[in-house]
Each structure stands twice: as structure tokens, then as C-alpha cells.
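Each residue of the sequence shown is one higher than the one before, counting from 1095 in our numbering.
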Amino acid sequence: MPKKVCRRFWKSVIHTTRGVSLTTSNSPLDSSEPFPISKAAHAVQDAVQLFYQTRILPNNRLWQEQSNAGAEIPQIETTLRAEAKALGLWNLALPRLAEHEPGTRLSNLEFTGVAQILGQLPWASRCCNSHAPDTPNMELLQLFGTEEQKEQFLEPLLEGTSGSCFSMTEPEVASSDPGNLATTIVADGDDYVITGRKWFSTNGSMANTKFTIVVGVSDPDAAKSKRQSLVIVPLDLPGVVVERDVPIFGATHTSGGHTQFRFDSVRVPKQYLVGEEGAGFAIGQARLGPARLHHCMRAIGECEVLISLMIQRAQQRTTFGTRVDGYSSTKEAVALSRIEVDQARLLVKHAALMLDTIGNKAARKQISMIKVSTFRVYQAVADRAIQLFGAAGITSDSPAAAALVRARGLRIADGPDEVHLQTIYRLEAGEQNNSDSAADLAHYLNSPFGNNQ
Ligand SMILES: Cc1cc2nc3c(=O)[nH]c(=O)nc-3n(C[C@H](O)[C@H](O)[C@H](O)COP(=O)(O)OP(=O)(O)OC[C@H]3O[C@@H](n4cnc5c(N)ncnc54)[C@H](O)[C@@H]3O)c2cc1C
1095 MPKKVCRRFW
1105 KSVIHTTRGV
1115 SLTTSNSPLD
1125 SSEPFPISKA
1135 AHAVQDAVQL
1145 FYQTRILPNN
1155 RLWQEQSNAG
1165 AEIPQIETTL
1175 RAEAKALGLW
1185 NLALPRLAEH
1195 EPGTRLSNLE
1205 FTGVAQILGQ
1215 LPWASRCCNS
1225 HAPDTPNMEL
1235 LQLFGTEEQK
1245 EQFLEPLLEG
1255 TSGSCFSMTE
1265 PEVASSDPGN
1275 LATTIVADGD
1285 DYVITGRKWF
1295 STNGSMANTK
1305 FTIVVGVSDP
1315 DAAKSKRQSL
1325 VIVPLDLPGV
1335 VVERDVPIFG
1345 ATHTSGGHTQ
1355 FRFDSVRVPK
1365 QYLVGEEGAG
1375 FAIGQARLGP
1385 ARLHHCMRAI
1395 GECEVLISLM
1405 IQRAQQRTTF
1415 GTRVDGYSST
1425 KEAVALSRIE
1435 VDQARLLVKH
1445 AALMLDTIGN
1455 KAARKQISMI
1465 KVSTFRVYQA
1475 VADRAIQLFG
1485 AAGITSDSPA
1495 AAALVRARGL
1505 RIADGPDEVH
1515 LQTIYRLEAG
1525 EQNNSDSAAD
1535 LAHYLNSPFG
1545 NNQ
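Here it is as C-alpha cells:
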């Protein structure tokens, strides 16, 4: 994008937002009031909003057309990516973005507002290079990559010239328990030899996806949490086989897909180990904290769209002489959605603040909490939108059906609800047991229950 056009864009952000934040949409909570952010971060948020409104959203139908015609990356997406990069609306989800790296650094909290804007369309985050799984992989390499790994694998991701995926889940074992993983990483001279099968590696078969990060067992005799390591595997190495893109709800993704890989004794140099041997579990967990947060805020963005569409649809149609928004069931569907979405947003912003202030590990209870609660809300809102849209709700003419599919998947991806609920319980009970007030609880009980009752 020519410099002149860039300058004009930023001028119009300032002009349009004089005194008002563009990012205050329907909900007063959007203004981030309970979780203040800097003026500079507001300006970025406003710029993303303007870019979304003027460039991304008006091109949604074109994007769909090009995607339906078989384009893995629609041409319009490539155009918009170049524009966003020139404007600095790039790599917005990386709180550790260095000065010399392309884009604009935002904290996790600052990014939540941006993620909500971009989440309104499933492909919009890609325009600002702020999408999964590249963002969590970039963060992982920033945190644990060697200088050589950063140069070879991180830089192209930051520049947006290539993509990546992550391969942990295996079809043969229950992978929500990483202790079950069977793929092996065996040291042999200067190399590691990787053997096993992975599936659900999102974006694995896209032409521009150049490498995956494989989680495998490097020491089967070590303690459960120290058995796994992470290794970068370029996808053009001999022995890397794409077996298929796994169909989701009966359909195969046109772009990206969830890929099933076979690794047939794939040799990678030892320099491709990420972090230390045996650190795979800990690093994998660190990677997922912010990734879950981003998914949650994007989901909230899409919920906002669905709420607006529900209201509009109900106001436009009449049954049995009554406009559909006249029915109490409609009012309830919208009102419950508003309550739940605002609750979820507050929880997610709080979790973001925790990530920024106490770190990924210490905030894991909050991350599990938003992972469970937000996607349940997302699923419920999508389901209500489908119902209000009638038959159109299950077609691709409205975004509700695709939202429901995404929401359903997200209750399993990055760890199923049940595992997160157990984590929440374990951490909550631990906090309660360590609290000074545990002994005071007896005062609330009117009968002297013994410990064994
Ligand atoms: C849309 C989508 C994208 C994904 N992207 C990726 C990716 O890019 N890379 C990748 O590696 N993986 C990816 N995954 C895979 C995902 O992370 C795994 O599916 C998830 O971790 C669960 O593992 P599993 O499928 O083996 O289920 P299993 O471990 O077999 O669990 C199945 C079910 O068992 C029950 N269960 C399991 N543990 C417990 C427990 N402790 N308590 C009670 N019940 C329990 C739950 O109901 C659970 O849903 C993706 C999945 C989806 C749906």
C-alpha cells in the first residue's frame, strides 16, 4: 500500500474517532471500561474496526465466492493482508513482538478488543496475521526457539510468507491425556527419527503450510509429564505423508482442513528440537494459554453478529399475525444471549489481564474457565440463531450453522470441557484448602457434621 494511502487511513481513524471510540458497538462493555487500555491501544483497536468496516466486511461475499471456486487462499484475502501489513495492523496477537519485527505489539488484554472485531468473520483474523494456529506457534518460537529456529521458521510466519500447523492429537489414542501419545522421537546420531500418526493438524494441507510442530515421546521411561518433546518438522521431508483431510460434520474444509499425517521414520536434525528434551508437555501448555483466549474473543465477536442478526430477522418476519420479535421466546433467546455473551466477555478480559500480569501458568484456572464457559455460550447462541432463522439457519446462507459447527469443535479442541472442568476443580479445591478461612466454614453449619459425613 503506498505511503500516502497509509497516511490517509490513519488520518481518517483519528478523524472518525474524535471523542468517540469506534469499537463501542452494541454493548457498553465493548468500551473496555472495566479493563482500561492505553490510548495507543485504543487507536489500534479503532483502526482495526475501520479496516474491518471499510475493507474486510464489504469483501465478505467476494471472499466466499473465491473460496467456493476452490481458492485455498482467496485473492481478496491476499490483497487485504498486504494492506493490513502496510498499515501496521499486523501480528496484533503477539505480546512479545520485538521492535524489529513487523506489526504492532499489543498486550493480551489490548488484543481482546481486536480479536472480537476480527472474530465477526471467520477469515478476518487472517488479514491481520493474527490467526490460529500460526499465532500460538509464533509465540512458542518466540519463547522457546533458538536463534536459528527463529530465523528459519519464525520470521516467515511473522512476515506472513508461510504458514504452520501443530501436531499433537493422534487418531489411535485418547489424546486429551498427553501421557497416551504414541508417536516416537528417537535420537539417532545428529538426527531425531519421528514415527507415528497425527490427525486434526489444522491447516496441515494448505500449500503455504511449510512445517508442523510435532509432540512425541522422546523418553518412554520418564515421568508422565517429562516423556514428550517438541520437534519442528518441515513438511517437505521424506516420510511425511498427508493421509487425508478429516471431514467435519460430513464436509471437508475447502481451505486448510484438519489434516491426518503419517510420519514414516522422518529424520530431522537435532537443531529442530524446541526447548529441552522432555519439556514438550510444559511448552505445549504454555502455547495454549493465549491461543484459547484468542479463540474465546473471536467467538464473542461472532456471537455479537448472531445476536444482531437474530433481532433483525425476528423484526422482518411475521407468523400467525405477530411479528416474530413479539414472541416471548424470541425476546428470551436474545436476552439470554446478551447476558451470557457479556458475562463471557468480562471473564475473558479478566483472564487476559491475568495472563498479562501473573503469566500463562499462574492464570491456568482462568484460562480453563473461559475455555469451558465461552464455547458453551457460543454454542447456545449459534443454536438460538439457527432456530430463529428457521430452515435458513442450517444452510450456509446464514452464518449460524457454521458457527455452531465451530462452537461444537471448540468444546473439544485444545482439551475437552471435562478435562478443563477437572483442572478448575483441582485448582479451586487447592486454593480453598490452603486458605486461612477453611477453619471458619464450620461456623456456617448449624449441625456438627463430622469429617466422615
Ligand atoms: C476443530 C478442531 C481443531 C483441532 N485442531 C488441532 C490441531 O491443530 N492440532 C492438534 O494436535 N489437535 C487438534 N485438535 C484435536 C483436539 O485437541 C483433541 O481432539 C482434544 O485434545 C481431545 O482429544 P481426543 O479427540 O483424542 O479425545 P479423547 O481424549 O479420546 O476424549 C474423548 C472424550 O472423552 C471424554 N474425556 C476425556 N478425558 C476426560 C476426563 N478427564 N474426564 C471426563 N471425560 C473425559 C470427553 O468427553 C472427551 O471429549 C482439534 C480438534 C478440533 C475439534
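C-beta atoms are modelled at their ideal positions from N, C-alpha and C, and glycine is treated no differently.
What is the DSSP secondary structure of residue i, reduced to helix, strand or coil?
{"i": "residue 1214", "result": "coil"}
{"i": "residue 1190", "result": "coil"}
{"i": "residue 1122", "result": "Legend: pLDDT at residue 1122 = 40, less than 50; position of this residue unreliable, value from coordinates given subsequently. Correct three-state label for residue 1122: helix."}
{"i": "residue 1413", "result": "strand"}
{"i": "residue 1436", "result": "helix"}
{"i": "residue 1203", "result": "helix"}
{"i": "residue 1182", "result": "coil"}
{"i": "residue 1394", "result": "helix"}
{"i": "residue 1494", "result": "helix"}
{"i": "residue 1167", "result": "coil"}
What separation, rounded to the nearest whole angstrom, lies between the Cα atoms of residue i and residue j?
{"i": "residue 1503", "j": "residue 1441", "result": "21 Å"}
{"i": "residue 1509", "j": "residue 1337", "result": "24 Å"}
{"i": "residue 1394", "j": "residue 1439", "result": "7 Å"}
{"i": "residue 1124", "j": "residue 1450", "result": "Caution applies to residue 1124, whose pLDDT of 48 falls short of 50 and renders its modelled position unreliable; the value that the coordinates give is listed next. Those two C-alpha atoms are separated by around 19 Å."}
{"i": "residue 1221", "j": "residue 1276", "result": "36 Å"}
{"i": "residue 1330", "j": "residue 1360", "result": "10 Å"}
{"i": "residue 1240", "j": "residue 1307", "result": "14 Å"}
{"i": "residue 1399", "j": "residue 1214", "result": "6 Å"}
{"i": "residue 1141", "j": "residue 1197", "result": "13 Å"}
{"i": "residue 1371", "j": "residue 1321", "result": "8 Å"}
{"i": "residue 1310", "j": "residue 1367", "result": "11 Å"}
{"i": "residue 1238", "j": "residue 1369", "result": "5 Å"}
{"i": "residue 1413", "j": "residue 1128", "result": "41 Å"}
{"i": "residue 1119", "j": "residue 1211", "result": "Confidence at residue 1119 is low in this model, with a pLDDT of 43, below 50, so the placement of that residue is unreliable and no value is reported for it."}
{"i": "residue 1207", "j": "residue 1132", "result": "12 Å"}
{"i": "residue 1539", "j": "residue 1524", "result": "21 Å"}
{"i": "residue 1315", "j": "residue 1236", "result": "30 Å"}
{"i": "residue 1266", "j": "residue 1302", "result": "28 Å"}
{"i": "residue 1531", "j": "residue 1537", "result": "11 Å"}
{"i": "residue 1340", "j": "residue 1389", "result": "21 Å"}
{"i": "residue 1436", "j": "residue 1410", "result": "25 Å"}
Within 10 angstroms of the Cβ of residue i, are there 16 or more other Cβ atoms? Answer buried if so, exposed if not.
{"i": "residue 1300", "result": "buried"}
{"i": "residue 1552", "result": "One cannot answer for residue 1552 here, as it falls past the ends of the chain, which runs 1095 to 1547."}
{"i": "residue 1292", "result": "buried"}
{"i": "residue 1171", "result": "buried"}
{"i": "residue 1583", "result": "Within the shown structure, residues of the chain are numbered from 1095 to 1547, placing residue 1583 beyond reach of any answer."}
{"i": "residue 1150", "result": "buried"}
{"i": "residue 1433", "result": "exposed"}
{"i": "residue 1463", "result": "buried"}
{"i": "residue 1295", "result": "buried"}
{"i": "residue 1224", "result": "buried"}
{"i": "residue 1117", "result": "Low per-residue confidence applies at residue 1117: pLDDT is 46, beneath 50, and the placement is therefore not dependable enough to give any value."}
{"i": "residue 1535", "result": "exposed"}
{"i": "residue 1357", "result": "buried"}
{"i": "residue 1122", "result": "Confidence is the limiting factor: at residue 1122 the pLDDT is only 40, short of 50, which leaves the residue's position unreliable and the question unanswerable from this model."}
{"i": "residue 1551", "result": "Residue 1551 falls outside the range modelled here, since the chain spans only 1095 to 1547, and no answer is possible."}
{"i": "residue 1448", "result": "buried"}
{"i": "residue 1255", "result": "exposed"}
{"i": "residue 1471", "result": "buried"}
{"i": "residue 1279", "result": "buried"}
{"i": "residue 1507", "result": "buried"}
{"i": "residue 1492", "result": "buried"}
Counting along the chain, where does the alpha helix (DSSP H) carrying residue i start and finish?
{"i": "residue 1469", "result": "1458-1483"}
{"i": "residue 1352", "result": "No alpha helix (DSSP H) holds residue 1352; the beta strand (DSSP E) holding it covers 1352-1363."}
{"i": "residue 1509", "result": "Taken as a continuous stretch (DSSP letters only), residue 1509 belongs to no alpha helix (DSSP H), as it is neither H nor E."}
{"i": "residue 1369", "result": "Note, residue 1369: premise wrong, no alpha helix (DSSP H); not H, not E."}
{"i": "residue 1331", "result": "Taken as a continuous stretch (DSSP letters only), residue 1331 belongs to no alpha helix (DSSP H), as it is neither H nor E."}
{"i": "residue 1236", "result": "1228-1238"}
{"i": "residue 1250", "result": "1249-1253"}
Return the first residue and the last residue of the beta strand (DSSP E) that residue i is part of.
{"i": "residue 1138", "result": "Not the beta strand (DSSP E): residue 1138 falls in the alpha helix (DSSP H), residues 1133-1145."}
{"i": "residue 1339", "result": "1334-1339"}
{"i": "residue 1161", "result": "Not the beta strand (DSSP E): residue 1161 falls in the alpha helix (DSSP H), residues 1154-1162."}
{"i": "residue 1260", "result": "1257-1261"}
Any beta carbon of chain C sitting closer than 8 Å to that of residue i?
{"i": "residue 1244", "result": "Annotation note: the requested chain C is absent from the structure, which comprises a single protein chain."}
### Message
If we require 3 or more residues per run, which beta strand (DSSP E) segments fall completely within the stretch 1265-1327?
### Response
1278-1282, 1285-1296 and 1303-1311
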